[in-house]
Amino acid sequence: MGTKNSIIYSIFVIVLIYTLSGCSNTDRLNREQPFERNDFIMGTIVSQRIYGKNAEKAAVKVVERLKEIEESMTVNAPGGEINKLNENSGKSKVILSSDSYHVLKTGVKYSVLTDGAFDVTIGPLVKLWGIYSEHPRIPAQAEIERVKELVDYRDIIFNEANRGVMLKKAGQMADLGGIAKGFGGDEAIRIYRDWGIKSAYVNLGGNIVALGNKPDGSKWRVGIQDPRGLQGAYIAIIPVADKTVVTSGDYERYFEEGGVRYHHILDPRSGYPARTKLISSTIIADKSIDADALSTSVFVMGLDKGMEFVEGIKGVEALFVDENRKIYVTDGLRKKVVFKGDESGYEYIEKR
Ligand code: AMP
Ligand code: MG
Numbered sequence: 036m037g038t039k040n041s042i043i044y045s046i047f048v049i050v051l052i053y054t055l056s057g058c059s060n061t062d063r064l065n066r067e068q069p070f071e072r073n074d075f076i077m078g079t080i081v082s083q084r085i086y087g088k089n090a091e092k093a094a095v096k097v098v099e100r101l102k103e104i105e106e107s108m109t110v111n112a113p114g115g116e117i118n119k120l121n122e123n124s125g126k127s128k129v130i131l132s133s134d135s136y137h138v139l140k141t142g143v144k145y146s147v148l149t150d151g152a153f154d155v156t157i158g159p160l161v162k163l164w165g166i167y168s169e170h171p172r173i174p175a176q177a178e179i180e181r182v183k184e185l186v187d188y189r190d191i192i193f194n195e196a197n198r199g200v201m202l203k204k205a206g207q208m209a210d211l212g213g214i215a216k217g218f219g220g221d222e223a224i225r226i227y228r229d230w231g232i233k234s235a236y237v238n239l240g241g242n243i244v245a246l247g248n249k250p251d252g253s254k255w256r257v258g259i260q261d262p263r264g265l266q267g268a269y270i271a272i273i274p275v276a277d278k279t280v281v282t283s284g285d286y287e288r289y290f291e292e293g294g295v296r297y298h299h300i301l302d303p304r305s306g307y308p309a310r311t312k313l314i315s316s317t318i319i320a321d322k323s324i325d326a327d328a329l330s331t332s333v334f335v336m337g338l339d340k341g342m343e344f345v346e347g348i349k350g351v352e353a354l355f356v357d358e359n360r361k362i363y364v365t366d367g368l369r370k371k372v373v374f375k376g377d378e379s380g381y382e383y384i385e386k387r
C-alpha cells in the first residue's frame, strides 16, 4: 500500500472509529438519563429516580414490595397483620411475618429509647382524633384521658421463638405510621442494590433515601420542605450520598379549628397533637427506618430535648424548624447544610 493510500485508509479508520465512538457516546448519554416513576403507595406519592441498567425492572420490584409492606402494616384499610394484631388485643396472640415483627420491634426500641415520646401503640389516640378519617375532630377531654391509658408500648408481649405478638389490653392498637415508610425506603435501596444499581433516589412523601452519588459523582442535593410554603418549596439543601433524609412536620396532615392547627403527630403524654413550637424536624441517618422513627420522636420531644437526644446518637444529624421560622441544626450538619437565605423567610440560628 502506498503512503497516500495508507493516509486515506488511516483517515477512514479514524472517521469510522469517531463515528462509532460517537454512537457509543450517545448511548452512554442515553444511559445517564434516569428512569423515573411515580406511584401512590402507603398513603403518599412514591417517586423513584434510578440510573443504569435494570432501572425499570428494579422500579417495578420496589413498587411491588412497597405495596406488600403497605398491605401488611396499614391500619387505614381493612386486612393486614397489624389490624389482626389490633383486633386480637386483650384476647390472643397473632403470628406476624418477619417484616411486621421487625418493624414493630424497632418501633418498641424507639419507644424505649425516647421514654415514650415515640409510642408504637399510639393507635387508639390516632383513631380518636380521626386523623386518617374523613372527619377529624377534637375529642372531649374525658375521652382523651380514657384512651390515653391504652397507649403503652410496654404492653406488647413478644415471643421471639415464633414471632407471636399480643397487645395486653383490649382496645390497644399498634400504629406503624411513624416508621413504616422508613422501612419501605430501606427495602427500596436493598432492591436497587440487588439489581446492581449504583445510583438512585427514592422519595416516599418526604422520606428520602439516596443510593450512592449522582452518576456524575456529585452528591444528591436534598431540599428541606418549607413547612409553610408550597409543596416543593425548600428552605435548605443537604448534600448526601448513601444516606436518608426524613422530615416530620405539622403541615403533612392536619385540620384547623378556632385558628388552631391540630396535626397528626401526637404527644402520648397529653393525648393532644405535640405542641413544642416545632413545625418540622428532619433527621439524616444511614437507615431510613431509624430516621423515620427519630423524626417523629424529636418532633414530640421539642427543640432542646430533641437536639440533645440526637447529638447523643452517633451518625445521626438533625435540622429543626420552629414556629418563629428559625432553623437549628446539629453540630455535624453545620458545615454541610446550604441555607436558601433570607428571601426564604427563615432565619438560621448558629448557636442555640
Ligand atoms: P411521621 O409523619 O413519620 O412523623 O409519622 C406520623 C404518624 O405516626 C402519624 O400519622 C401516626 O400514625 C403516628 N404517630 C403519631 N404520633 C406518634 C407518636 N408519638 N409515636 C409514634 N407514632 C406516632
Ligand atoms: Mg416518622
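Read left to right, the sequence shown gives residues 36 to 387 (my numbering). Backbone N, C-alpha and C fix where the C-beta goes; we use that ideal spot for every residue, glycine too. These numbers come from a predicted model, not from an experiment.
Closest Cα partner of Lys162 within the set Leu313, Ile300 and Gln260: Sequence index remark: in the sequence shown, residue 162 carries index 127 (1-based). Selection Leu313, Ile300 and Gln260 evaluated against Lys162 yields Ile300 as nearest (Cα-Cα).
Considering just the uninterrupted stretch of the alpha helix (DSSP H) at Phe153, what are its terminal residues? On the sequence shown, position 118 is the one that residue 153 refers to. That residue, Phe153, is in no alpha helix (DSSP H); it is neither H nor E in DSSP.
Would you mind stating whether Leu101 and Gly219 have Cβ atoms separated by less than 7 Å? For this step, residue 101 is matched to residue 66 along the sequence shown. For this step, residue 219 is matched to residue 184 along the sequence shown. Yes, the pair counts as a contact, with Cβ atoms nearer than the cut-off.
Residues in the same chain with beta-carbon distance under 8 Å from Val48, minus the five sequence neighbours each way, listed in chain order, please. As a working note, residue 48 is residue 13 in the sequence shown. Residue confidence for Val48 is low, a pLDDT of 39 falling below 50, so the modelled location carries little weight and cannot support an answer.
Gly220, enclosing alpha helix (DSSP H) - first and last residue: One-based indexing of the sequence shown puts residue 220 at position 185. Under the DSSP assignment, Gly220 falls in the alpha helix (DSSP H) whose first and last residues are Ala215 to Asp229.
Is DSSP giving Ser168 helix, strand or coil here? Here residue 168 refers to the residue found at position 133 when the sequence shown is read from its first residue. Note: Ser168 maps to coil in three-state DSSP.
Name the DSSP bridge partner or partners of Leu313? On the sequence shown, position 278 is the one that residue 313 refers to. Residue pairing from DSSP places Leu313 in a beta bridge opposite Asp357.
Nearest to Val138 by alpha carbon, out of Ala209, Gly151 and Val237? Your numbering for residue 138 matches position 103 in the sequence shown. Measuring from the Cα of Val138, the nearest candidate turns out to be Ala209.
State yes or no: is the C-beta of Gly217 within less than 7 Å of the C-beta of Asn242? In the sequence shown, counting from the first residue as 1, residue 217 sits at position 182. In the sequence shown, counting from the first residue as 1, residue 242 sits at position 207. Yes. Within cutoff.
At the level of alpha carbons, what is the spacing between Lys349 and Ile318? If you number the sequence shown from 1, residue 349 lands on position 314. If you number the sequence shown from 1, residue 318 lands on position 283. Going by the C-alpha atoms only, they are around 12 Å apart.
Should Ser315 be listed as close to the ligand MG, given that the test is whether its C-beta is under 6 Å from any heavy atom? Your numbering for residue 315 matches position 280 in the sequence shown. Relative to the ligand MG, the beta carbon of Ser315 is positioned no closer than 6 Å to any heavy atom.
Should Pro262 go down as buried or exposed, given a rule of 16 or more other Cβ atoms within 10 Å for buried? Looking up residue 262 in the sequence shown gives position 227. With 16 or more other Cβ atoms within 10 Å, it is buried.
His298 - DSSP class collapsed to helix/strand/coil: Here residue 298 refers to the residue found at position 263 of the sequence shown. Three-state DSSP puts His298 in a strand.
Let me know the secondary structure DSSP gives Arg304 once reduced to three states. Taking the first residue of the sequence shown as position 1, residue 304 is located at position 269. Coil.
Could you tell me the distance, in whole angstroms, from the CA atom of Val364 to the CA atom of Leu239? Indexing the sequence shown from 1 puts residue 364 at position 329. Indexing the sequence shown from 1 puts residue 239 at position 204. Whole-angstrom Cα-Cα distance: 23 Å.
Proximal residues to Thr149 (C-beta, below 8 Å), its chain only, five neighbours per side dropped: For the purposes of this step, residue 149 is taken as the residue at position 114 of the sequence shown. Sequence-distant Cβ neighbours of Thr149 in its own chain, meaning closer than 8 Å and more than five residues away, are Ser332, Val335, Met336 and Phe344.
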